[in-house]
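Asks: In our numbering, the protein residues as written are 721 to 913. Below is the structure I would like to discuss, written out as structure tokens.
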């Protein structure tokens, strides 16, 4: 009942918020290492399930580009000069697996979204693999959290079908986490191959 009281004020305020402004704010927050989960929740609350998920994904992809380029510009030389053999091994592993490595890392809640982008920028992973992997890996959680955000402000408009994307996103993320853990256990060097 308390959430329903928020529905009208949030919807009125959301009608005043420009999607472009929301995306810009989302990009800035992600680059500043604010977790993506609350941003996607708010986008879902403000713009609904599908528009909220799409806008959250656009903000994530733009932030991914900014953080990758910043990491490439500022971090690559430092990584090459100061990294030990374990970091070089991890960098080679990421570069060899490219797209798949990015998808798996983006599906798992390993570190803040922006921090992962800075790290990938400093790595040997190609930009095209990074961006495509980010788009694939970030989509399930964008849909999941936007769905939850939309349901929080308008619970009466939600049906079980509305939560299907969220359930799929959680299932995909869980499967990726279990697969990653299984691979890491097989390899005693600490780098899942």
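Using N, Cα and C, we set each Cβ at its ideal position, and we do this for glycine too. Fair warning: this is a prediction, and the values are worked out from it, not measured in the lab.
(1) With a floor of 3 residues, list each beta strand (DSSP E) that falls wholly inside the region 746-779, ordered by position along the chain.
(2) To the nearest angstrom, how far is the alpha carbon of residue 784 from that of residue 761?
(3) Is residue 756 closer than 8 Å to residue 833 when the C-beta atoms are compared?
(4) Enumerate in chain order the residues of its own chain whose CB-to-CB distance from residue 897 is below 7 Å, with the five nearest sequence positions on each side excluded.
(5) Runs of 4 residues minimum, wholly inside the region 834-879: which ones carry the alpha helix (DSSP H) assignment?
(6) Please say whether residue 777 and residue 742 have beta carbons closer to each other than 8 Å?
(7) Determine the direct distance from the alpha carbon of residue 770 to that of residue 804, and round the result to whole angstroms.
(8) For residue 854 versus residue 744, is the C-beta distance shorter than 8 Å?
Replies: By the coordinates alone:
(1) none
(2) 19 Å
(3) yes
(4) 828
(5) 847-873
(6) no
(7) 44 Å
(8) no
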